[in-house]
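Enquirer: To start, I am sharing the structure in question, which I have written as C-alpha cells.
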Amino acid sequence: MNSLFRMSAIMVKEFRQLSRDRITFGMVVMIPLIQLLLFGYAINTDVRNIPVAVVDQSHSAVGRLITESVKATQVVVVTEAYSTAAEAEQAITNGTVRAALVLPSDLAQRIVQRRTVGQWLVDGSDTMISSALLQLQTMPLKELVNYQPPGETTFDVALYFNPSRRSAVNIVPGLLGVILTMTMILFTSAAIVRERERGNLELLITTPVRSLELMIAKIIPYIFVGLIQVGIILGLGHFIFAVPINGDLSQLLFGTLLFISASLTLGLVISTIAQTQLQAMQMTVFILLPSILLSGFIFPYEAMPVAAQWISEILPATHFMRLIRGIVLRGADLLDLWRDAIWLVGFTILGLLVASMRFKKSLD
Amino acid sequence: MSDNAIVARQLTRRFGRFTAVDGLDLVVPAGSIYGFLGPNGCGKSTTIRMLTGLLSPTTGTVEVLGLAIPKQAEQLRLRIGYMTQKFSLYEDLTVRENLQFIGQIFGMSTKSLKLRISEQLSTYGLDRLVSQRAGSMSGGQKQRLGLAAATMHRPSLLFLDEPTSAVDPENRRDFWEQLFDLSDQGTTILVTSHYMDEAERCHGLAIMESGVVRADGSPEDLMQNMGVTVVEVQAANLRQLKTELLKRKEIRSAAQLGIRLRVLVDQHVAEPITWLREQFPYLVKAEMTVARPSLEDVFVTCTGEGRQ
C-alpha cells in the first residue's frame, strides 16, 4: 500500500511537470494529430501523374493518338515536348521529367510491320516510379484499329541509371538526407540549448561575442560531422550495396554542404525557441517525420496530393533528395538542378537571419 | 572620466506587475569593493544585470565606467568581468581550456594568453589542477577558476554575483584576500552577498530589500547610525521573554544567541538597561550588557518591515 502511495506521488508530480512544459505538452498532442492527418492523406503508393516528355518524331496523327491514349491512363502527365531524344535524356538527368516517350519517324511502318510503336526512356532510380511506367509497356493501344502488337508489349523500355531495379540504389542516397536531417538539426539545436541549460550562455553574453559570430561558430564544427556521415553512408553504399556514384565528387560535396548548412540553421532556429534539450529533440522529430515520409525518400513526390506536395516543397530534405539522387544516380550537376540548389541557399540565409534576430544578447 | 565607476539614478525594473528594483540610486567609487547585501529575491541580481547591460531598465539611467548603459553595453563588455551565481564555465573542458577560451573570446594574442594563463594559474592556486576538467572540481576550486576566468582580460570593473554561496569558510577567506589584491591593483568590485561577515569587509555597502535600498554607507557608518542600542540579556526562559519583549514598540528586534538574547532597543530610550529592568520586573536579576553593534543588527533593523 505504501508503495502505491509513493508511486502515485511521483505520477502526480510527473503530470504536473508535464502540463507546465508547454512545448512538450503541445508536442504530445501535435505530433500524432498533425503527422497522422498529413501522412494519412499523403501516403499513397498508387503512383499517378508522373511528369514525362514526349518526343514525337513521326509528326503524325497516329503519334498524337498514341500520346493521347498514354495520357488517358493518368499514370503520366505530359509536361514537355522535345524534338530529339538527346534533349529528353537531358531533361531526365535534370529531373524535369521522370521519363520520355520517343515515337520514331517510321511510326506508320512499324505499325504495319507489327513492331513496337515507340520507346520509353525511363529514370529507373526510383523503383516505384519505374514500376508504374513499366505497366505502360503492355498497354493495349486499342485506338489503333489495325495494329497487332508483336506480343504482350507495345513499347520498348530503356531503364536508365538502375536497370536491375534495385531499391538500394535509390534508398542509399535518400538515406543521406534522412540521417543528415536528424543529426544536423538535433546537434545544433541541442548545442545552444545545452549552453543555456548549464548557465554557460549567461557568461557568454557578457563577453564581446556577437550573436551572429556565436551562431556561425557554433554550426561550423557540425559541418565536418555531417561530412563524416556522408562519407560513411556513401562509402558503404558504394562498396557494399553497389550504389553507382555517377556524378562528380565536387558536385556531391557542394550539394551536401548546401543541405548541411540548411539543416544546421534550422537547428539554430529551433534552439532559439526550445528551452530544454528535450524540447529541442521533440521539435527535431516533428521535422524529421515529414522529412522521411514527405520528402520523396520512401514515397515518390508524384504520388502525393497537391497539399502534401506544398509541405514537401518547404522541407530542405525534399530538395536535397532531388539534388543528391540527381548527382549520385543520374550524374547531374548543381547547374542542372539549380532550382533545388538555390532553394537550399535561400533557406540557409533566411534561417541564419531569423536565428540571430531571435537570439538576443540580453535577458529581457 | 569621473572617480565613480558606477552611477545609477532612479533605476527601476518591472517584470509584468512585479517591481524587482524600485528607484535605486547607486554611486560606486572607482577602486572600491562595494557590497550589495540583501535576502534572496531582493533585486540584487536584477540590479547587476542592469548594470552590465544584460537587462534594460524600465526607467532610470545607468553610467558604468563613463559609458551609458544599455546603449554602450558592447563597449563595456571588454572592460568588465562578470562571475555569475551559478558556475558558468564549461564543465567538460579542463581548467586551461576554459581559461584559453575566455582569453580568446576577449581577443588576447596567443603569446600574451599563454603568459596570462600561467599568471592566473599561480595567482589562484590552480597550477596543479590545470589538466583537470572543471566538472570534477570542488566548489572552492570552481570558484577560484571562475574568478580567474572573470579577471583574465584585466577588467577594471568586476561584478560578482553571490560568489561564495557554495564555498566553505576557509576558501571564502582566501577568496576575499584575492579580492583585496585586485582592489589594491585598482579594480572596482561590486559583490552581492547575504553573508554578514563578507559585507563587513566591503568599503561601501548597500542593504537592499524588496527592490529598495534601505540603507547605504560604509559598514562603520551604518553600524553607528542605525539608531538602536544593543543589549545582551542572559536569563532563563528566553523564548518566552523574546515574545514578551517584541510586543513593545521600543524593542526593534530580539534574537537568541545560545544562552543570550540580543535585544535591539530604540535609541530614544536613553538608559536601555535601566529601562528594561523597569519595564520587565522579571529581568531585575538578569545579567545585561551593552554590546558593540554588528552588521547583522543593521540588517535586521533596516529590513524588518518588508518581510513577508
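Line order of the protein sequences matches chains S and H.
Take the first sequence: its position 227, counting from 1, is numbered 227 in our numbering, and each next residue is one higher.
Numbers given in our numbering equal positions in the second sequence, counted from 1, plus 1000.
C-beta: ideal position from N, C-alpha, C; glycine also.
Treat the numbers as computed from the prediction; the structure is a model and nothing was measured.
#1: Which residue comes first and which comes last in the alpha helix (DSSP H) that contains S1183 of chain H?
#2: Keeping to the same chain, check which residues put their C-beta closer than 6 Å to that of L1238 of chain H; ignore five residues upstream and five downstream.
#3: Against chain S, does K1086 of chain H count as a neighbour if the rule is that its beta carbon must be under 9 Å from one of theirs?
#4: Rounded to the nearest angstrom, what separates Q1072 of chain H and N1004 of chain H at their Cα positions?
#5: Suppose the cutoff is 7 Å on Cβ atoms and the five residues either side in sequence are ignored; what does the same chain contact list for A1149 of chain H look like?
#6: Between the region 1054 to 1068 of chain H and chain S, which residues of the former have a C-beta closer than 9 Å to a C-beta of the latter?
#7: Contact between the region 270 to 286 of chain S and the region 184 to 195 of chain S: three or more CB pairs below 8 Å?
#8: Could you name the residues of the same chain whose beta carbon sits closer than 7 Å to that of T73 of chain S, not counting the 5 residues immediately before and after it, in chain order?
#9: Establish whether the CB of R330 of chain S and some CB of chain H are separated by less than 9 Å.
#10: On the three-state DSSP scale, how would you describe T1188 of chain H?
#11: Check whether the Cβ of T272 of chain S lies closer than 9 Å to any Cβ atom in chain H.
#12: How many whole angstroms separate the CB atoms of E195 of chain S and T1084 of chain H, which I take to be in contact at a CB cut-off of 8 Å?
#13: Entirely within the region 1199 to 1286 of chain H and at least 3 residues each: give me those beta strand (DSSP E) ranges in chain order.
#14: Drop a sphere of 10 angstroms on the beta-carbon of N1040 of chain H, count the other beta-carbons inside from all chains shown, and report buried for 16 or more, exposed for fewer.
#15: In the region 1054 to 1115 of chain H, which residue ranges form an unbroken alpha helix (DSSP H) of at least 4 residues, counting only runs that do not cross its ends?
#16: Between T1052 of chain H and chain S, is the shortest Cβ-Cβ distance under 9 Å, so that the two count as touching?
#17: Would you give the residue range spanned by the beta strand (DSSP E) that A1020 of chain H belongs to?
#18: Can the beta-carbon of S291 of chain S be found closer than 9 Å to that of V172 of chain S?
#19: Between which two residues does the alpha helix (DSSP H) containing T1297 of chain H stretch?
#20: Provide the residue(s) that pair with W120 of chain S in DSSP beta bridges, ordered along the chain.
#21: Scan the region 1090 to 1110 of chain H for residues whose Cβ lies nearer than 9 Å to a Cβ of chain S and list them as they occur along the chain.
#22: Quick one: grab the DSSP three-state call for Q148 of chain S.
#23: Please identify the residue among H:E1200, H:C1202, H:H1194 whose C-alpha is closest to the C-alpha of E1209 of chain H.
#24: Please say whether D21 of chain S and T276 of chain S have beta carbons closer to each other than 9 Å?
#25: Quick check: the Cα distance between Y417 of chain S and Q109 of chain S, rounded to an integer number of angstroms?
#26: Kindly list, in the order they appear in chain S, the residues whose Cβ is closer than 8 Å to that of Y1082 of chain H.
#27: Is it buried or exposed for R1144 of chain H, if we count other Cβ within 10 angstroms and need 16 for buried?
#28: Does V230 of chain S pass the burial test, meaning 16 or more other C-beta atoms within 10 Å, or should it be called exposed?
#29: Is there a C-beta anywhere in chain S that falls below 9 Å from the one on M1001 of chain H?
#30: Measuring CB atoms only, is the region 1026 to 1035 of chain H touching the region 1182 to 1197 of chain H, in the sense that at least three cross pairs come out at less than 8 Å?
#31: Could you pull the start and end residues of the alpha helix (DSSP H) that Q277 of chain S belongs to?
#32: For W120 of chain S, count neighbouring Cβ atoms within 10 angstroms of its own Cβ and tell me buried if that reaches 16, exposed if not.
#33: Taking the alpha carbon of V1027 of chain H as the point to measure from, which residue in H:L1051, H:T1046, H:S1045, H:R1014 has its own alpha carbon closest?
#34: Are the C-beta atoms of V306 of chain S and some chain H residue less than 9 Å apart?
#35: Should the region 1198 to 1216 of chain H be called in touch with the region 1234 to 1250 of chain H, which here means at least 3 C-beta pairs below 8 Å?
#36: Give the interface partners of R1154 of chain H over in chain S, defined as CB-CB distance under 8 Å, in chain order.
Expert: Taking the coordinates as given:
#1: 1169 to 1184
#2: Q1256, L1261
#3: yes
#4: 17 Å
#5: L1089, N1098, L1099, I1102
#6: L1054, L1055, S1056
#7: yes
#8: L136, M139
#9: no
#10: strand
#11: no
#12: About 13 Å; that fails the 8 Å criterion.
#13: 1204 to 1209, 1212 to 1217, 1228 to 1234, 1251 to 1257, 1260 to 1266
#14: exposed
#15: 1073 to 1076, 1095 to 1105
#16: yes
#17: 1018 to 1029
#18: no
#19: One point to set straight first is that residue 1297 of chain H is Asp, not Thr, in the sequence displayed. Counting along the chain, the alpha helix (DSSP H) containing D1297 of chain H begins and ends at 1295 to 1303.
#20: S:L101, S:V157
#21: Y1090, E1091, I1102, I1105, F1106, G1107
#22: coil
#23: H:H1194
#24: yes
#25: A query on residue 417 of chain S cannot be resolved here, the shown segment of chain S reaching from 1 to 364 and no further.
#26: L203, T206
#27: buried
#28: buried
#29: Below a pLDDT of 50, predicted positions are generally treated as unreliable, and M1001 of chain H, at 47, falls in that range; the measurement from the model is reported next regardless. M1001 of chain H does not count as touching chain S.
#30: yes
#31: 277 to 293
#32: buried
#33: H:L1051
#34: no
#35: no
#36: Within chain S, no residue comes near R1154 of chain H; the closest Cβ sits about 14 Å away, beyond 8 Å.
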